[in-house]
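Just so you know, the sequences run in chain order A and B. So for the first sequence, the working numbering puts the first residue at 1; every next one is plus one. So for the second sequence, the working numbering puts the first residue at 532; every next one is plus one. All C-beta atoms in this analysis are idealised placements derived from N, C-alpha and C, irrespective of residue type, glycine included. Computed from a prediction, not measured in an experiment: that's the story for all the values here.
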Amino acid sequence: MSDTHAYDAIVIGAGHNGLTHAAYLAKAGQRVLVLEQNSIVGGAAITEELRPGFNFTTFSYALSLLRPEIIAELDLVRFGFMPLYMRSHFAPMDNGDYLLIGPDAAVNRQEIARHSKADVDGMERFEHDTARVKQFIRPLFDSIPPNLFSDDPADAERMAWLVKHLGNADRKLLHDTVRLLTGSIADFVDDYLESDIIKATICSAACVGIKLGPMSPGTGLNWLYLAMGEHDGVRGSWSFHKGGNGGFTQVLARAATAYGADIRLDSRVSHLITDDGEAHGVALADGTEFRAPVVVSSLDPRRTFLQIADPRELPSDLVETIQRFRFQGITSKVNFALDGVPHYPALGDRTDQYGGFINIAPSVEYMERAYDAAKYGWFSEHPYIDASIQSFIDPDMAPPGKHVMSCYVMYTPYQLKGSTWDAERENMADRVQATMQRFFPNFNDLVLQREVVSPDIIEARTGLSEGNIYAGEFFPHQMYFFRPAPGYSDYRTPIRGYYQCGSGTHPGGCVIGAPGRFASQQVLADVAGSR
Amino acid sequence: MLRTSPFHERLAPMSQAQAWGNWLGFQSALRYDLSSKHEYFGVRNAAGFFDTSPLRKYWIRGRDAERFCSYVFARDVRALKPGRAQYTVWCDDAGYVLEDGVLFRFASDEFLLTSAEPNMGYLRGLARPFEVEIVDVSDDYASLALQGPRSLAILETLTPDVSGLRYFGFSETKVADSPVVISRTGFSGDLGYELIIPVADALRVLDALLEAGRPHGLRPYGDEALGMTRIEAGLPLINVEFTSSRYAFTPEERFTPDELGLGWLLKGIDDPARPFIGRNAILRERAEGRSRWSTVGITVSWQDYFELFDSHGLPAVPNEVPVPWDTMVYNANGKRVGYATSFMYSPVLQKHIGIARLKPKYAEAGSEVFVEQTVNHEYFNVRATVTTLPFYNPERKTA
């Protein structure tokens with residue numbers, strides 16, 4: 001029957017994982033069709049010119065987690081892959097002072113010493129201890145997790161490897177690992193550091209994308225996850241892709257196309273076509289049908305199992321777990337077009353502080369209070385903002401002398417208590433702008449335009465349920481062999497020929513590509529096995 | 532005490548790093564920013580400028596200027612038109628390379644040579660039988676290289692005479708009311724220009740350039756970023772890829788143009804009407820197939836490099852700054868087949884690259900070789916692939 005198929009595989013969604021997956025399948029000789037609901041590829045990794053010459057990274061805004069294997073295996077440099085170096089990390093403080101971490105370790109020591117002499121070596125101990133944890137965790141992160149409930153010998157092998165690997169850790173390493181995986185980041189850094197701005201800077205990295213405050217258990221895991229990224233081999237460092245993350249997904253699309261995949265835009269998939277527990281293709285919302293023996297969903301678990309597939313064809317334990325799977329989007333973006341350079345009084349005319357992230361998280365308490373609002377269904381009065389003037393890193397993002405500033409905003413819960421995002425969107429953005437104005441006194445005068453992307457808009461435009469940027473919360477019970485559900489973490493599904501390759505699978509979200517890559521290994525193994 | 536360049540007064544305060552090297556007795560920046568990688572991305576993604584003032588500059592003028600140049604330099608200058616420049620080398624009688632430089636032709640009887648090392652004595656000695664005048668004007672002119680995709684947009688705001696410049700063309704123009712020579716040349720393998728400026732006007736021109744460059748992200752870059760970009764461009768550097776045959780003690784220190792991958796400069800070597808120094812030896816080398824080396828690129832996949840370190844329990848942290856020593860190259864049987872003279876991690880290529888000299892039979896593009904790396908204080912070989920040079924060659928460089 002397969003000879004009647006025009007395609008060997010259909011990939012639902014041209015986000016970065018869908019494109020990565022399609023590129024791997026096509027490179028292996030599969031005839032692949034990617035179906036994308038929007039008019040551009042990229043999903044949540046797009047760049048849009050909302051004002052002539054001003055390019056906004058609408059949703060995701062930087063690169064780190066992307067697995068280096070993918071860059072090499074798909075030869076992405078050939079297709080224009082170009083991650084630009086972010087040289088600094090700038091954290092303004094309430095009292096007008098700042099923490100400015102840059103590329104020179106010895107200069108950073110001096111900067112840290114301005115805030116605490118004890119934190120100079122405290123920071124280095126923290127970095128070394130956590131670097132060991134990252135080194136230890138990395139093989140788990142970079143491999144397909146064992147399916148605990150499978151009798152496949154491959155899974156038994158993976159389980160045996162895991163047990164052996166855990167056994168190789170010394171006591172401190174194992175303890176540090178468990179503390180990070182289960183505890184709060186604020187608690188962890190207390191062992192090493194005393195300066196609030198330095199602690200806050202570390203803690204802020206643990207609070208991206210997750211509905212937890214720095215003092216909540218679970219933020220250690222998120223910190224560790226985000227620290228697993230790298231740029232040019234430097235763990236935990238971030239880059240800005242030429243042209244933004246939209247520039248990156250264009251690279252992936254060029255690669256996938258060059259390897260032979262077809263990408264069809266404006267093609268919203270309505271449902272999976274099955275016959276007797278086997279996938280046979282998909283139907284679009286307009287009724288068009290495409291047939292293939294393999295269908296791979298890059299959508300999040302809720303859409304993959306409850307919307308695209310018919311839940312009645314799935315085991316009830318899976319359906320129940322997916323219904324309980326937590327999304328609870330918490331983040332917004334406010335993107336600004338600026339007429340010039342924000343001024344930070346304590347730094348005079350300097351601008352080198354804008355070579356990377358600008359982190360509005362002046363204290364651990366500031367962040368925790370920002371989170372408090374979200375617990376009770378409201379957005380922060382004083383938001384935690386992870387900002388970046390991207391045109392400083394890539395001048396092609398804005399006209400000469402002008403700038404674009406991406407502000408990633410925490411905490412803005414998907415569900416507002418007693419109101420809607422339609423009613424509150426601009427109010428929230430006003431809070432963001434007022435916060436920037438507080439630290440940069442000329443900010444309001446610079447604003448030419450702003451784009452407000454609240455969780456409901458993330459959901460509506462990208463399909464990410466409740467606007468969760470990770471395609472599902474990073475809770476321990478939703479990670480590793482529980483992602484997205486116990487027994488269903490191997491990228492396959494109970495429907496033969498139907499696979500998952502989105503960030504709702506291991507290792508998880510961010511622009512990472514690993515789910516797309518791992519899923520391609522499973523699909524190709526199954527295709528080879530059925531021949 | 533080291534001398535300072537005519538731009539120093541402006542550049543020194545711009546340096547966060549205050550990291551200076553010594554180039555021909557001049558204080559020359561290793562980097563200005565705390566990160567040379569930041570400067571490197573200035574060149575690759577916006578625009579950067581490098582202070583080349585210590586370069587030696589010689590007028591070669593007179594009725595015999597062309598005849599003299601076609602005798603001294605290995606590359607034929609007879610076809611070089613006024614308003615054009617060319618990269619060239621000069622050799623000794625045995626066909627070994629002495630040095631390299633760029634020759635600008637201003638008129639039929641007027642050339643300007645720029646070189647990284649002093650050559651006044653050598654050139655004047657050779658000039659005796661010719662009606663030609665050699666003038667060392669190194670101290671009369673400041674110079675800088677403006678390199679990167681935004682370099683043209685920046686210069687266009689300062690002079691209209693740059694827009695039509697072709698690769699290796701130059702123009703005598705005015706910038707900030709100063710007479711300036713702008714050539715479309717450089718050492719970065721990218722779109723770029725070089726400016727030669729009377730010393731008295733150096734700061735005024737630089738100020739105009741800084742002002743014009745501000746909205747484009749223009750930043751100065753030092754020797755480390757220069758090294759990164761020139762290796763990606765596959766361009767040899769004296770005292771790294773080769774030492775001048777003049778100062779060599781052993782045959783291992785000497786190289787012919789063919790061995791350095793510069794055989795392309797020797798177009799027309801068969802023309803007996805142009806006897807140049809070293810010609811006969813190079814013809815013999817070619818006739819007898821005596822070249823000992825081929826100069827090629829080698830690339831190491833990031834995966835292989837990572838796995839080498841990972842398998843020893845170490846994080847692999849690549850270094851963009853070129854290593855200051857030779858990196859040994861082996862074949863699959865562990866036999867030494869050559870060495871990389873330059874080796875670095877390339878951020879735009881996302882892998883380690885090296886300019887290597889290999890025994891010719893191992894130098895075919897696509898061949899597998901192994902480079903020696905030290906891990907946990909032991910030597911290990913990591914797989915690499917032979918490639919052609921340059922590694923990085925954007926269309927805009929010559930477009």
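{"Item": "Runs of alpha helix (DSSP H) wholly within the segment 707-789 of chain B (minimum 4 residues, chain order)", "Value": "733-744, 754-763"}
{"Item": "Neighbour flag for B:H883 against chain A, beta carbons, 7 Å", "Value": "no"}
{"Item": "Members of the segment 111-125 of chain A near chain B, C-beta cut-off 8 Å", "Value": "none"}
{"Item": "C-alpha gap between B:A647 and B:L845, whole angstroms", "Value": "40 Å"}
{"Item": "Contact test: A:S363 Cβ vs the ligand NAP heavy atom, cutoff 6 Å", "Value": "As far as ligands go, the structure on display features none, and thus does not contain the ligand NAP."}
{"Item": "8 Å contact criterion, which A:T219 and A:T331 should meet: CB distance rounded", "Value": "The Cβ separation is near 15 Å, so there is no contact."}
{"Item": "Collapsed DSSP secondary structure at A:D97 in the structure displayed", "Value": "coil"}
{"Item": "Cross-strand partners of A:P92 (DSSP beta bridge)", "Value": "A:Y98"}
{"Item": "The segment 838-856 of chain B / the segment 232-239 of chain A touching (three or more Cβ pairs under 8 Å)", "Value": "yes"}
{"Item": "A:T351 (DSSP reduced to helix, strand or coil)", "Value": "coil"}
{"Item": "Three-way DSSP call (helix, strand, coil) for A:H271 in this model", "Value": "strand"}
{"Item": "Beta-carbon proximity of A:V334 to A:V409, cut-off 7 Å", "Value": "yes"}
{"Item": "Where B:P680 falls: helix, strand or coil (DSSP)", "Value": "coil"}
{"Item": "For A:E313 and A:I495, the rounded distance between their alpha carbons", "Value": "8 Å"}
{"Item": "Three-state secondary structure (DSSP) of B:G552", "Value": "strand"}
{"Item": "Cβ-based burial, A:P145 [other Cβ within 10 Å; buried from 16]", "Value": "buried"}
{"Item": "Beta-carbon neighbours of A:D394, restricted to chain B and to distances below 7 Å", "Value": "N576"}
{"Item": "Simplified DSSP assignment, three categories, for A:Q415", "Value": "coil"}
{"Item": "Delimiting residues of the beta strand (DSSP E) encompassing B:M875", "Value": "867-877"}
{"Item": "Close-in-space but distant-in-sequence residues of the same chain around B:D857 (CB under 7 Å, 5 per side omitted)", "Value": "Y870, A871, T872"}
{"Item": "Neighbour list for A:V234 in chain B, Cβ cutoff strictly below 8 Å", "Value": "V848"}
{"Item": "Under 7 Å by beta carbon: chain B residues contacting A:M82", "Value": "V879"}
{"Item": "CB of A:A253 within 7 Å of CB of A:I10, strictly", "Value": "no"}
{"Item": "Contact residues within the segment 92-108 of chain A, judged by C-beta distance below 7 Å to chain B", "Value": "G102, P103, D104, V107"}
{"Item": "Test: A:A227 CB closer than 7 Å to a CB of chain B", "Value": "no"}
{"Item": "Contact belief for A:H16 with A:A519 at Cβ below 8 Å, rounded distance in angstroms", "Value": "13 Å between Cβ atoms; not a contact."}
{"Item": "Closest by C-alpha distance to A:T201, when choosing among A:P400, A:L265, A:A337, A:A91", "Value": "A:A91"}
{"Item": "Minimum Cβ-Cβ distance from B:G799 to chain A less than 7 Å", "Value": "no"}
{"Item": "Helix, strand or coil at A:P400 according to DSSP, with G and I counted as helix", "Value": "coil"}
{"Item": "As assigned by DSSP and simplified to three states, the class of B:V854", "Value": "coil"}
{"Item": "Alpha-carbon spacing of A:E451 relative to A:F56, whole angstroms", "Value": "9 Å"}
{"Item": "Delimiting residues of the beta strand (DSSP E) encompassing B:C622", "Value": "615-622"}
{"Item": "Contact check, B:G700 vs B:A764, beta carbons under 7 Å", "Value": "no"}
{"Item": "The segment 41-58 of chain A / the segment 66-75 of chain A touching (three or more Cβ pairs under 8 Å)", "Value": "no"}
{"Item": "Beta carbon proximity, A:V208 to chain B, threshold 7 Å", "Value": "no"}
{"Item": "Residue-level contact to chain A via CB, B:K568, 7 Å cutoff", "Value": "yes"}
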